[in-house]
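Q: When we follow the UniProt record's numbering, the leftmost residue of the sequence shown carries the number 1, and every step to the right adds one.
Using N, Cα and C, we set each Cβ at its ideal position, and we do this for glycine too.
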Amino acid sequence: MGMILTGIVVSIAIAFGAGYFLLSAQQQQPAWQVYSSESTRVGDPGHNLVGQNWTGEPGDNSTAAAEGEETPS
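Right, dumping it as structure tokens:
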């Protein structure tokens, strides 16, 4: 009976210690914040990383033709 109670107390102590460690640990930061140096300009990349004129349509080459770029044949 004593071993069972000791096991329960030890498991509760381990769970409490693990919970305290995980809740007090520093939260993770995005890579663009963590790995930036003073010599580079790394800002928030934003949400639309493909450009302003991107429509999402695979056959839409109107913006490329308007800018003078060659369209693939």
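What is the rounded straight-line gap between the Cα of valine 34 and the Cα of glutamine 26?
A: 13 Å
Q: Quick one: Cα of tyrosine 20 to Cα of isoleucine 14, how far?
A: Spanning the two alpha carbons is a distance of roughly 10 Å.
Q: Put methionine 3 into one of helix, strand or coil per three-state DSSP.
A: helix
Q: How far does the alpha helix (DSSP H) with tryptophan 54 in it reach, from first residue to last?
A: No alpha helix (DSSP H) contains tryptophan 54, which DSSP labels as neither H nor E.
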